[in-house]
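For our numbering, add 26 to where a residue sits in the sequence shown, where the first one is 1.
Below you'll find the structure, written out as structure tokens, and then a few comments.
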Amino acid sequence: MAAPQSKNRLDGQPDPLSEERYDQSTFTGRVRKFSEIMDPRTLLPGLFFSMPIEKATGILSEYKSDPRKAISAYDMETLWTAKKVYQSQIHPDTGKSIPPPFRMAGFAPFGMPIVVGMLAAGSSPFQNIFWQWMNQTHNACVNYSNRNATAKTTETDMLLSYGAAVSAAMTISVAATKTVARFKGAPVISRFVPFMAVAAANIVNIGMMRRAELVQGISVYDPETKESIGSSIITARKALLETTISRVVLPIPILVGTPIIMLGIEKQIPSIKGSPRVGIALQAVIATSMFLFGLPISLALFEQEGQIDSSRLESELAEKVPPGTLLNYNKGL
């Protein structure tokens, strides 16, 4: 989907306010976009970019009021940096700041200790339960914080959804651990228990934490004017399916790739098996690299601002626009 043209577009350059810097119709362009949004340095933008969120918001406001004046005061790179800092912290629907541990930029830094814990848990039921609880708690907060906020969620819904997601993760983890323990190759197979549990639990987590969207629907809007024509449950199903696929793909490089690499290293350097501290440290380095590599790729499978043909919408919404009209929606992350 090509970004809409903006009245602020200057000298043929994309408009930092309403357009994307990279072509979102291509996988490469989406990877580049999400790599910027997930840049851990945006957690401390004042330190790394000399661009605290207040300054970024101010620059974008100046540009919105008078683009040419802002261009004369700031170069385009500064404007794109301001947008990067803003997008990494501010929810597109609510306009409110997302807590650092639950931003996509904080997913890897705050999630890595949990990932290492899951990888090191092995076949211990207690450790698997504990780390799955930690992981799904973090996932639930990330899912809720990055949801499509046009559907309202009550505190009761949040608590029920959280309980269902965590319970599913624990149940799956214990069941998988007991199942692989019956096989001769259990010590090797047990390394992949975290992925089986996380992949299945992620499906439940997304569905439960964003259940309100499936009940109320999410806003669909004109790509040019951004004017909403109403809320669509059909579009919500599409958005959640895309998000779920991304979240199932996300753990593959981390929880499958890391054990495979570790098995290869241990085969070449057997002494690592006798040094748990070295093994855990090595797993942490590999898993962190895999996390930073896999996160933007998994999210880039689909555009954040998706499109749907009006003919696929509920009849009462489809009637509001000409047949074949393409409408946009915020998929959420």
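Glycine is no exception: its CB is placed at the ideal position from the N, C-alpha and C atoms.
Item	Value
Given 8 Å, three or more beta-carbon pairs between the region 319-334 and the region 60-68	yes
Euclidean distance between Cα positions of F74 and L266	34 Å
Straight-line Cα distance separating E329 from D49	10 Å
Status (buried if at least 16 other CB within 10 Å, exposed otherwise) for F53	exposed
Cβ contact (3+ pairs, closer than 8 Å) linking the region 298-309 and the region 262-282	no
Own chain residues within Cβ distance below 6 Å of G256, not counting five before or after	L343
Three-state class that DSSP yields for Y100 in the structure shown	coil
Span of the beta strand (DSSP E), counted from its first residue to its last, around V304	Segment P302 to L325 is the alpha helix (DSSP H) holding V304; no beta strand (DSSP E) there.
Exposure of L105, with buried meaning 16 or more beta-carbon neighbours within 10 Å	buried
Distance between Y355 and S51 (C-alpha atoms, nearest Å)	15 Å
Beta-bridge partners of I244, as assigned by DSSP	S258
Cα-Cα separation, S187 to R263	17 Å
Status (buried if at least 16 other CB within 10 Å, exposed otherwise) for L352	exposed
Segment limits, beta strand (DSSP E) that includes L352	L352 to N356
Contiguous alpha helix (DSSP H) assignments of at least 4 residues, all confined to the region 121-161	130-147
Bridge partner(s) assigned by DSSP for E331	N356
N- and C-terminal bounds of the alpha helix (DSSP H) containing L73	P71 to F74
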